[in-house]
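I have placed the structure first, in the form of structure tokens, so that the comments after it can refer back to it.
Chains as they are written, first to last, in my numbering: chain A, 8 to 639; chain B, 884 to 1206.
Here is the structure:
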């Protein structure tokens, strides 16, 4: 049978139902959900929440571009009685203030969520109270929004663990479709079959209605099982989420108590391996047919109406159509939920952040502080609006909005107000942009790949990379003598990135040496970047550090054309020294030359260090002394 | 535009474990001049819940809270925009710092995620005791005084030293590891979920009733301790021990000395003593000094290695020998 129904993987349905009836589980993270699955899950969840809470469900999307005002509350210009006025409208995060509405906040890609939205999510998910203190508004309400986010497992390292921890229910939504499913999908989406929203199965509808009133007792054995099954993490939220999910499973079954089997069911839903489970056995069980396809009990909701009764597991009723087939919870527990081995994400588990490589800023939920204050040209992206003391980098719309707020008062009390309405700007109305600071520091690396053989050049380089990370410095990587396809060996190449976390850097640093050493050209590229950063009028860089790794044996003259046959000799070295002197002439550069301590021509390194005005750091001998004789 | 919908908070007396966190909050209540507490800890350790429950227990209201979404007009204060727009009248709206001054406490959740310019506003007001409000024709200067309570997850970075120093005490919170306590947490959370569901259904929630009764009992004990604080003596040896400990741990400035003495006095009061002994000083020393130590690097990590506890134990023994 198909693995999904109406575009929703079948195994997600019981977990979404559990979230609908349990406020503490209404923060759901779907791993690997494509847009279609996310849309369908959203549609399903909307219906489930409406049935479970009786409130109108209002969906909103959170993406990568939203700022604080978009998300919380912002002023809008409107026209009333022919006059300009201002209205404040709530954003997605403060919509929950209206008790008749239940917000469903959907995040299509958690890894790309804007900073403002990520901070909002951290403040709201799982909190007992929400506060909004913006633009004169002072609001407080119980934040009961439901959150539904999608994220690829491969991108989980980009997300703050602090934010990830807020997501209680982790579900694997990756699905290898069978050919039949793909054909059905193709018909529905590509060949013009009418689209229809995901419809809850009859069983799901009945289970939901009944589960709302069920309050099972939690047995001690269930708590012990939770402690045994939960991944021991640093956050108790994981155990709490598992216990809540187990309780929800019991409620959906109509059971009067939460037992060990419900904990096991809950663990299966989120892909937690049970202690003592045998992977080989599970593999065998994968081949079992029909476990997920059970007919709903026909007697008025079946087990929901007979909590904990011995007839609870009975299967009755007539054969029903495809629309009513479901992933059963209410029947015999071991057969009622998806078998663990069915879950493709099981091996990865629900907490991939425990093993993911961090690919984010260390303080990814904080605004980056500016270290220098005499910045005359704003360069960073706009991240908000602030009251302005001058007309520099004005946020025009916000300025007009502020003036419009005051217009009615000023119209009444000021003299000489122009006829016909309009607004008047005063200095107090001025609003300027708040911008994320552009990199104020720069690390330029010139790496000569023809001198790296036989020693660990990364060890002496690492402290400078670490410092650049801490300072959020922009990076210029110039490769000299690196073999790469599509470029001439007699030219150096250059990569400029906003910071050290750019994934291209990692790939570029790992290079194979070529035959030529265009050191002069490499230094020239570095010189260009340093001058641009430090001396260009629009530049934001205040200090720069240049780290050069070379043995000084440049063998390609600076003027060498890519195709010209060049004479190897002293010219390449001389050109490199000339460019080095130009670099030395720039103020505000700290230059370091990491010396590979070559056996031949060591004097070239000294010459270059002098020309650069560089501090010379020994390369080979700075390694940890693993080979040194430690005998007393 | 002011709306206050009161949420139901877990009663303070139902919080499982976290004794140091509770002690720090109680000390700052018994001796308000301590100046508040910074609670730094792992995710999901109930930091925010503890602060809110504590405030609810003692004041029957949530603390004045400065959220990370706050704009400067709400922090400092200004005019009520709704009155301005609908009635064209100027009605002052006190900012959060002024409201906190009225109640004596400002709570900042996720304090390490606060924007820099908001931190500056708080620092200016906390250090000068004056809040100048100069906005759109308003030119007021308000006297403010409040204790700061902040919660933070150190995974997201640390605080500037100037702001750190404004917190009287600091406490590290870690997840409880004993099986028994973890089990108690699960029981409490599930029971609280159930109580909320019952409350929503209009039923009696026994757990909440019992928790509130216990809260009332604890609140009256704390109020009594607060009124008794000035009667508890700080003898010279105890005061000298505070100074010696601050010196030994290279505390920056002198605020650590007297916050330690004050916290020890509050602790002695809670224990029903008439004067402070070395035991109370040692018990609160880490809370008073952890965030005031000269770390010697730029990491700002506010670490407290185990060796420090050994040193404290040695100083405790020495003080007993001296006595």
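C-beta atoms are modelled at their ideal positions from N, C-alpha and C, and glycine is treated no differently.
Shortest Cα-Cα distance from residue 128(A) to any of 963(B), 1037(B), 952(B) involves 952(B). Secondary structure of residue 136(A) (DSSP, three-state): coil. Interface criterion not met: the Cβ of residue 431(A) is under 9 Å from no Cβ in chain B.
Counting C-beta atoms within 10 angstroms of its own C-beta, residue 461(A) has fewer than 16 neighbours from the protein chains shown and is therefore classed as exposed. Contact of residue 136(A) with chain B is assigned, a C-beta pair being separated by under 9 Å. Annotated three-state conformation of residue 921(B) is strand, per DSSP. Under the DSSP definition of a beta bridge, residue 153(A) partners with 111(A). The beta carbon of residue 457(A) sits no closer than 9 Å to any beta carbon of chain B. Per DSSP, the beta-bridge partners of residue 97(A) are 80(A). The beta-carbon of residue 953(B) is placed less than 9 Å from the nearest beta-carbon of chain A. Judged by DSSP in its simplified three-state form, residue 1026(B) adopts strand. The continuous stretches of alpha helix (DSSP H) do not include residue 1132(B), and DSSP gives it neither H nor E.
For residue 1042(B), the closest C-alpha among the options 960(B), 993(B), 892(B), 1027(B) is that of 993(B).
Between the C-alpha atoms of residue 62(A) and residue 113(A) there is a straight-line separation of about 18 Å. Below 8 Å, enough C-beta pairs join the segment 143-150 of chain A and the segment 95-105 of chain A to call them touching: three or more.
By the C-beta criterion, the segment 551-560 of chain A is judged to be in contact with the segment 437-451 of chain A, since at least 3 inter-stretch pairs fall below 8 Å. In this structure, the CA atom of residue 1192(B) is about 35 Å from the CA atom of residue 230(A). The segment 910-920 of chain B makes contact with the segment 1030-1042 of chain B, as at least three CB pairs between them are under 8 Å. Residue state for residue 1072(B) is assigned as helix, using DSSP reduced to three classes. When the Cα atoms are used, residue 244(A) and residue 175(A) turn out to be separated by approximately 7 Å. For residue 79(A), the neighbours in chain B by C-beta distance under 7 Å run, in chain order, 952. Rounded to the nearest angstrom, the gap between the Cα atoms of residue 912(B) and residue 1158(B) is 19 Å.
If you compare the alpha carbons of 191(A), 467(A), 474(A) with that of residue 507(A), the shortest gap goes to 474(A). Cβ contact annotation for residue 534(A) (same chain, cutoff 7 Å, sequence separation greater than five): 586, 589, 590, in chain order.
Looking at 191(A), 208(A), 251(A), the one whose alpha-carbon comes closest to that of residue 1075(B) is 251(A).
Separation of the CB atoms of residue 1173(B) and residue 1021(B) is rounded to 40 Å, and the pair is thereby denied contact status at 8 Å. One thing to note: residue 924(B) has its Cβ within 9 Å of the Cβ of residue 1036(B).
Going by beta carbons, residue 443(A) and residue 482(A) fall outside the 9 Å limit.
Against chain A, the beta carbon of residue 932(B) has neighbours under 7 Å at 135, listed in chain order. For the C-beta of residue 234(A), the chain B residues within less than 7 Å are, from N- to C-terminus, 1062, 1065, 1066. Any Cβ of chain B closer than 9 Å to the Cβ of residue 140(A) would place that residue at the interface, and such an atom is present. Under the DSSP assignment, residue 590(A) falls in the alpha helix (DSSP H) whose first and last residues are 577-591.
Counted as a single uninterrupted DSSP element, the stretch harbouring residue 451(A) is not any alpha helix (DSSP H) but the beta strand (DSSP E) occupying residues 448-455. Within the segment 916-929 of chain B, the residues whose Cβ lies closer than 7 Å to any Cβ of chain A are, in chain order, 925, 926, 927. Residue 976(B) reaches chain A at 143, counting residues in chain order whose Cβ is nearer than 7 Å. Chain A places a beta carbon closer than 9 Å to that of residue 1080(B), counting this residue as a contact.
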